[in-house]
């Protein structure tokens, strides 16, 4: 029997008050770090550090126990040693807390004793109406309100609010591990399920499907406990927004390793491919794809078809791009005579699709530079009725002027774009990526990744039409 | 009939004197840039800028024509407009030049007229004993002598000398497009074939197979003109060092695009897979792999088997790593009881393979920190007879101490390692990657790429044994 979790998840992701129960010693890990992260990222609610050994920390009064906090809190976060957790959860129930995140490890994933401890904690919480996330998790994040529960130090102090919600059974997705600020990654919600003693992927899927701030749901799932129900919910969600899943465990050896780190046993892999396909869930193959592909959905319109235009700075890269496109279900768009004429008027070497800027690059160095030619080039391609989406490499000439050059075009255009920047300096490429991301153009580390993302967008476009068709 | 090119390529890659014939105007492209690049990268030979409109440039006297240069040069580089190239090549013959790189485009790849021009130039050169690279190329690089012919500005001024030789039919591999310095990428030779009117992939393959400074050969080949001969030479080379090939053109559409940018028609794709396999050539699927996989061969010993150890900072990443490993022919090593005991003595949570540092990270924050535990951990794994290779994630605690922590171990160990660094700052990750690369440990953007590289190393190990077995 599942208990409805919508209201609890709403509190978990929008708490007005948080108790942080754990070590308050200054270190690289612990309650001191979580408290400091919340302050630094601008969490506006009330923070109650909890520890019997401290009076004050980071300018905040410290409470000896959670039950001593003068109001029922929305969220208790604890990273205390596993043995201390049952007491803290009992205290949380006593306090009237609504949700708790058990960051601590040493539970079901560790040993039989840990499993028993986890069951004990779950029972206490369930009896007291307290909903749990974890244990063995880094918790949640919600950039819009500066919510961040990770107990690890984060090198930056700002998250970008956006449309991507990431969930996982690993702390890899946490802000302590992701260059969210440097990459201008627009996050809606982040949730690490951990051992899933209570709140799980089905709860988050339901919640995020309805969440107006979430445009795309990306989930890393080592195990799915109620397969049929998950697929039903996923299908309902996929009719509204893309659901992208990374499901490891393709080999027996990896399934054995999963059992040892989340304490869960996953089934045979083969069934998932078919089940996901039927549910309209898009399965990706790597963590990088899980993180990067959603960007195209967060900022771009869905493509109406699968015809791809490529703008490249090298003929060789264009050829490789076509290979990736055709292998992933895209077709190379055939430009209209009108488009070809417009391109030829800009430069006679811009012969067709892919539009190869390479041979023209020397000529573009003349006064006015490439930045002055770029908008006309891209607009010509985007206006072609035979083009559904565009993968665009960008030469360095437009560095520093990206908002100016591409901003107006992005606001006007209704076609799906993905961008990549390459060149002799990673630092400059990252700078330019950030410029693109901040005007709402998704960036990828190379042409292959950009084209793969567009292919997934085209695929989801078909999925959604199918799901809506069958449901209407 | 092929003309032997070994001696010419030796001149091409080790010229003592270079004529640069092209625009000498200060710009982002042209002879001024090439001349400046040569000076900045420390080319120690004689440089002769050539242009009738200048007297002096960058402190060097300028010669009106190549025939006016007072010595026969080893190499003429020209980026003059296509129409001027026949005259420059005739002059080069008159000068007694040994080799020429025609950077200029507008030849066989552009039009029928261009094709005729290319034939004319080829005939002139052949008659005069001048060997040609290009046209439509960015030329060559040889970091050991500061040789760099690209006509595009490069944002850095130093190349790292190493064991990787890169060849391609695209300028994408050029220093103007690759962050060679930032990534501490160790290059032996770089060559862009361009339209291959003379020197081609077979010539370079023969040369690089014998080149003692080249430990691994990586080639991007849009077309292979003499397939049987190439495969014969590739097989001979593969018995000595890895030959890694990226062969685009998997689809009809991409083959059509190739024809338009290098002027060459490639055959059907299916034949290549089998032919490469028979020749012991390793085919990769992306430009990124072509560039990154060779790093493991440049610095690491070949694995004696396919048993992989994984050190990870997250259980979830460990599971994903196993999936990549098993999909690519590696097996997860089973640690000996001795290794397991050593690991358990370091921390009871280091239960096996993958070695998951995640649960232990908080504890490692204690005085001495993770840096003091790391060597013992890694040494225990590397000493295990059941381990052939190691993919290692590195937490940030060892930042700035990588040479100190890993240096001695790297000098002692004889197993194949690949490293990746992840975290909340790209800048710090790059810094750490550079630290690793500079002590000879290859770095990869993620665990998947590191494990893929190790799998290719294991595969080549088998290939080489097979080729040597059949040849001895």
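Chains as they are written, first to last, in my numbering: chain A, 1 to 472; chain B, 1 to 472. All residues carry an ideal CB built from backbone N, CA and C; glycine is no exception.
Quick one: using the 10 Å Cβ neighbour count with 16 as the cut-off for buried, is residue 189(A) buried or exposed?
It counts as buried.
Return helix, strand or coil for residue 182(A), following the three-state DSSP convention.
In the structure shown, residue 182(A) sits in coil (DSSP, three-state: anything other than H, G, I, E or B).
Are the C-beta of residue 227(B) and some C-beta of chain C separated by less than 9 Å?
Judged by its chain identifiers, the structure shown contains no chain C, and its protein chains are A and B.
Which residues of the region 312-339 of chain B have a Cβ closer than 7 Å to any Cβ of chain A? Give them in chain order.
Of all residues in the region 312-339 of chain B, only 314, 315, 316, 317, 318, 319, 320, 322, 323, 326, 327, 332 come within less than 7 Å of chain A when Cβ atoms are compared, listed by chain position.
Does DSSP put residue 31(A) in a helix, a strand or coil?
Helix.
When you compare each of 34(A), 161(A), 137(A) to residue 25(A) by their alpha carbons, which one comes out closest?
Among 34(A), 161(A), 137(A), the Cα nearest to that of residue 25(A) is on 34(A).
Please state whether DSSP places residue 192(A) in a helix, a strand or coil.
Looking at residue 192(A) - three-state DSSP - the assignment turns out to be strand.
Run through chain B and tell me which residues come within less than 7 Å of residue 354(A), C-beta to C-beta.
Ordered by position in chain B, the residues that pass the 7 Å Cβ test against residue 354(A) are 257.
For residue 278(B), does the count of other Cβ atoms within 10 angstroms reach 16, so buried, or fall short, so exposed?
Taking all protein chains in view, the Cβ of residue 278(B) is surrounded by fewer than 16 other Cβ atoms within 10 Å, so the residue is classified as exposed.
Is any beta-carbon of chain A found at less than 9 Å from that of residue 349(B)?
Flagged as an interface residue toward chain A: residue 349(B), by a C-beta distance shorter than 9 Å.
Grouping DSSP H, G and I as helix and E and B as strand, with all else coil, what is residue 165(B)?
In the structure shown, residue 165(B) adopts extended strand secondary structure according to DSSP, grouped into three states.
Sufficient close CB pairs (3 or more, under 8 Å) joining the region 307-324 of chain A to the region 230-244 of chain A
Per the Cβ contact rule, the region 307-324 of chain A is not in contact with the region 230-244 of chain A (fewer than 3 Cβ pairs under 8 Å).
In the region 170-192 of chain B, which residues sit with their C-beta less than 7 Å from some C-beta in chain A, listed in chain order?
Here the close residues are 170, 171, 172, 175, 176, 177, 178, 179, 182.
Below 9 Å on C-beta distance, what does residue 284(A) contact in chain B?
Contact annotation for residue 284(A) against chain B: no contact, minimum CB-CB distance about 11 Å [criterion: below 9 Å].
Grab the span of the beta strand (DSSP E) containing residue 152(B) for me, first residue to last.
Segment: none, residue 152(B) is in no beta strand (DSSP E) and carries neither H nor E.
What in chain A is Cβ-close to residue 359(B), meaning under 9 Å?
105, 106, 109, 110, 136, 261, listed in chain order.
Comparing the C-beta of residue 14(A) with each C-beta of chain B, is any distance below 9 Å?
Cβ-Cβ to chain B under 9 Å: no for residue 14(A).
Length of the line joining the Cα atoms of residue 182(A) and residue 440(A):
Distance between the alpha carbons of residue 182(A) and residue 440(A) is about 15 Å.
Tell me the DSSP bridge mates of residue 51(A)?
The beta-bridge partner set that DSSP reports for residue 51(A) is empty.
Local Cβ density within 10 Å of residue 452(B), reported as buried at 16 or more and exposed below that
Flag for residue 452(B) reads buried.
Strictly by DSSP, which residues pair up with residue 61(A)?
Beta-bridge pairing links residue 61(A) to 56(A).
Where does the unbroken beta strand (DSSP E) through residue 20(B) begin, and where does it stop?
Taken as a continuous stretch (DSSP letters only), the beta strand (DSSP E) holding residue 20(B) covers 17-21.
In the DSSP output, what is residue 117(A) paired with across the bridge?
Note: residue 117(A) sits in no beta bridge, so no partner.
For the structure I just gave you, are there three or more beta carbon pairs, one from the region 171-187 of chain B and one from the region 449-468 of chain A, closer than 8 Å?
No, they do not touch.
Tell whether a beta-carbon distance below 9 Å holds between residue 446(B) and residue 420(B).
Yes; because the gap between Cβ atoms is below 9 Å, this pair is in contact.
For residue 258(A), does the count of other Cβ atoms within 10 angstroms reach 16, so buried, or fall short, so exposed?
Buried, because 16 or more other Cβ atoms sit within 10 Å of the Cβ of residue 258(A).
Express the C-alpha separation of residue 43(A) and residue 148(A) in angstroms, rounding to a whole number.
Distance from the CA atom of residue 148(A) to the CA atom of residue 43(A), rounded to whole angstroms, is 8 Å.
Can you grab the Cα-Cα spacing for the pair residue 400(B) / residue 19(A), in whole Å?
Rounded to whole angstroms, residue 400(B) and residue 19(A) show a C-alpha spacing of 36 Å.
State whether the region 7-16 of chain B contacts the region 323-331 of chain A, with contact taken as three or more CB pairs (one from each stretch) at a distance under 8 Å.
Segments in contact, no.
Whose C-beta lies closer than 7 Å to the C-beta of residue 206(B) among residues of the same chain, with five residues either side of it excluded?
In its chain, beyond the 5 residues on either side, 6, 233 have a beta carbon closer than 7 Å to the beta carbon of residue 206(B).
Buried or exposed: residue 162(B), going by 16 or more other Cβ atoms within 10 Å of its Cβ?
Buried, because 16 or more other Cβ atoms sit within 10 Å of the Cβ of residue 162(B).
Which residues in the same chain as residue 294(B) place their Cβ atom closer than 7 Å to its Cβ, once the five residues preceding and following it in sequence are excluded?
The beta carbon of residue 294(B) sits closer than 7 Å to those of 164, 216, 218, 244, all from its chain and outside the five residues before and after it, given in chain order.
Step through the CB atoms of chain A and report whether any lies within less than 9 Å of the CB of residue 307(B).
So no, residue 307(B) is outside the interface.
Count the other C-beta atoms from every protein chain shown that fall within 10 angstroms of the C-beta of residue 481(B), then say buried if there are 16 or more, exposed otherwise.
Residue 481(B) lies beyond the range of chain B shown here (1 to 472); nothing can be said about it.
Does any residue of chain B have a CB that is nearer than 9 Å to the CB of residue 149(A)?
Taking Cβ atoms only, chain B never reaches closer than 9 Å to residue 149(A), which makes this a no.
Restricting to runs no shorter than 4 residues, where is the alpha helix (DSSP H) found entirely within the region 203-261 of chain A?
Correct list: 227-238.
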